[in-house]
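Take any residue in the sequence shown, note its place counting from 1, add 223, and you have its number in my numbering.
Where is the CB? At the ideal position from N, CA and C, for every residue including glycine.
Remember, predicted model here, so these are calculated numbers, not experimental data.
For reference, the structure is listed below as structure tokens.
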Amino acid sequence: MAKPAIRFVCAECGATHSKWSGRCDGCGAWNTISEEAPLSAGPGKKSLGAARGRTVPLGDLATEDAPPPRMTSGMEELDRVLGDGLVEASAVLVGGDPGIGKSTLLLQAAASFAKAGAKAIYISGEEATSQVRMRARRLDLADAPVQLGAETNLRNILTTLEAEAPEVAILDSIQTLWSDTVDSAPGSVSQVRACCHELTTFAKRSGTSVILVGHVTKEGQIAGPRVVEHMVDTVLYFEGERGHQFRILRAVKNRFGAADEIGVFEMTGAGLAEVANPSALFLSGRDAPAPGAVVFAGIEGTRPVLCEVQALVAPSALANARRTVVGWDSSRLSMILAVLEARCGIPFIGLDVYLNIAGGLRISEPAADLAVAAALLSAREDVALPPDMAIFGEISLSGALRPVGQTENRLKEAAKLGFTKALAPAGSKTGTTAGLSVQQMPDLATVVGDMFGAG
Ligand SMILES: [Zn+2]
Numbered sequence: 224m225a226k227p228a229i230r231f232v233c234a235e236c237g238a239t240h241s242k243w244s245g246r247c248d249g250c251g252a253w254n255t256i257s258e259e260a261p262l263s264a265g266p267g268k269k270s271l272g273a274a275r276g277r278t279v280p281l282g283d284l285a286t287e288d289a290p291p292p293r294m295t296s297g298m299e300e301l302d303r304v305l306g307d308g309l310v311e312a313s314a315v316l317v318g319g320d321p322g323i324g325k326s327t328l329l330l331q332a333a334a335s336f337a338k339a340g341a342k343a344i345y346i347s348g349e350e351a352t353s354q355v356r357m358r359a360r361r362l363d364l365a366d367a368p369v370q371l372g373a374e375t376n377l378r379n380i381l382t383t384l385e386a387e388a389p390e391v392a393i394l395d396s397i398q399t400l401w402s403d404t405v406d407s408a409p410g411s412v413s414q415v416r417a418c419c420h421e422l423t424t425f426a427k428r429s430g431t432s433v434i435l436v437g438h439v440t441k442e443g444q445i446a447g448p449r450v451v452e453h454m455v456d457t458v459l460y461f462e463g464e465r466g467h468q469f470r471i472l473r474a475v476k477n478r479f480g481a482a483d484e485i486g487v488f489e490m491t492g493a494g495l496a497e498v499a500n501p502s503a504l505f506l507s508g509r510d511a512p513a514p515g516a517v518v519f520a521g522i523e524g525t526r527p528v529l530c531e532v533q534a535l536v537a538p539s540a541l542a543n544a545r546r547t548v549v550g551w552d553s554s555r556l557s558m559i560l561a562v563l564e565a566r567c568g569i570p571f572i573g574l575d576v577y578l579n580i581a582g583g584l585r586i587s588e589p590a591a592d593l594a595v596a597a598a599l600l601s602a603r604e605d606v607a608l609p610p611d612m613a614i615f616g617e618i619s620l621s622g623a624l625r626p627v628g629q630t631e632n633r634l635k636e637a638a639k640l641g642f643t644k645a646l647a648p649a650g651s652k653t654g655t656t657a658g659l660s661v662q663q664m665p666d667l668a669t670v671v672g673d674m675f676g677a678g
């Protein structure tokens, strides 16, 4: 058999290339491609031949299966993101930037699972056990019956887990593990893939739920979590700006629950505190009514979350005016600016536009379109909107406003937080919203005429 050719692999997305290049065609990342020894050649190109396999039992579609058994940790924000608890024999990947607080979160999770009666093992490949113990003391978790180990050799880890048979095993991090069957450095794409494969197989075989920590890297020196996302059952990302105290645990893939759920935490001196009412947190510390600040009534997963959209519009000194976005999609901003210009006659040429979602939240809902447009108009016209008004709605390219899902939940949350006005697309199913007057508008031009004079 021919020796498999050496291949070049992207550490960000795992795409393979036949030759080195500075930029990955798969994900567009720079300087992430490096040479990797090939994985085992696999079964080869020959057909299976005459050797028979076993018959696989088949069933019909109507058979009712019992729901998979779940363990709850008692950390409600974590349990909800997992889909009401951790499923037995599942593999979960928790990704995030280094230093964002993944180890703190998972040590707290391990302690919560242990206190809830599950056998929990925490294996750190990043730190010595004394360092982990120090953190546990700082978080006031030293009395939790978590078993702690420091190891990076996959063979030793699997032997330990087989012998101990815990219900939850946390491995921090997947990039520090190495398998002696793979001939490349820890953190390389082949090592990360091989270790993840072994650990997910172990989870299915033994019934232990395995939680893996994965660092997101921009430099591409080690393989990112995207390389193994397809192997695990659930992928969670732990996000937040270092300067902000809020942290968001976001499900991006979940075979056992909703994939758009978020959990909100606050980083405090004593670790991560759960935030039961995120809207109140994201809206806290709002200043007096200012031009460019608008409250968006959004939905994150199953929960309504209110947050502030801030815009700043200023004359530009550059030939190409600046468009800076934090917490939202920049191509969506370009679309809104184009619609404002083409359908409402409001140009932004020669103006720098800055858009920010306050509190470090990242929004992906199209329902934020109208709030963004209102913030841009408010900033451009220097007119402050009423501070007790919540806004939501999708904008189409024609300038028409489209109703969005869960209108009633958005309005209820706004009313609960003391808002008295709401701006929504015409045709929204508002239901009964006591104490809230809802203005329904058919298109963006009406909004401009009604709230900002003729524009
Ligand atoms: Zn790539």
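- Within the stretch 559-586, the beta strand (DSSP E) runs of at least 3 residues that lie entirely inside it are, in chain order, 574-580.
- Taking a cut-off of 8 Å on C-beta distances, the stretch 472-490 touches the stretch 524-543, as three or more cross pairs fall below it.
- Pairing S313 with L329, the inter-Cα distance amounts to about 16 Å.
- Not one heavy atom of ligand 1 falls within 7 Å of the beta-carbon of T525.
- Its chain contains L574, V576, A602 and R603 as the residues whose beta carbon lies nearer than 6 Å to that of V536, once the 5 sequence neighbours on both sides are disregarded; these appear in chain order.
- DSSP places G494 in the uninterrupted beta strand (DSSP E) bounded by G494 to E497.
- Here the distance from the Cβ of G447 to the nearest heavy atom of ligand 1 is not below 7 Å.
- Within the model, the alpha-carbon separation for R246 versus L556 is close to 27 Å.
- In the DSSP assignment, S257 falls within the beta strand (DSSP E) that extends over I256 to E259.
- In the DSSP annotation of this structure, the continuous segment of the alpha helix (DSSP H) that includes S353 starts and ends at T352 to R361.
- For the pair of segments examined, the stretch 320-337 was found to touch the stretch 459-478: the number of CB pairs separated by less than 8 Å reaches three.
- At a cut-off of 7 Å, the beta-carbon of A274 does not count as near ligand 1: no heavy atom of the ligand is closer than that.
- Relative to the non-hydrogen atoms of ligand 1, the Cβ of G437 never comes closer than 7 Å to any of them.
- By the neighbour-count criterion, in which a residue is buried when 16 or more other Cβ atoms sit within 10 angstroms of its Cβ, Q533 is buried.
- In this structure, the beta-carbon distance from L495 to G324 falls below 8 Å.
- With contacts defined by Cβ atoms closer than 8 Å, E311 and G480 do not form a contacting pair.
- With a cutoff of 8 Å on beta-carbon distance, T669 and T653 are scored as not near each other.
- A534 has L578 as its beta-bridge partners, per DSSP.
- The beta carbon of K342 is closer than 6 Å to those of P389 and E390 in its chain, skipping five residues each way along the sequence.
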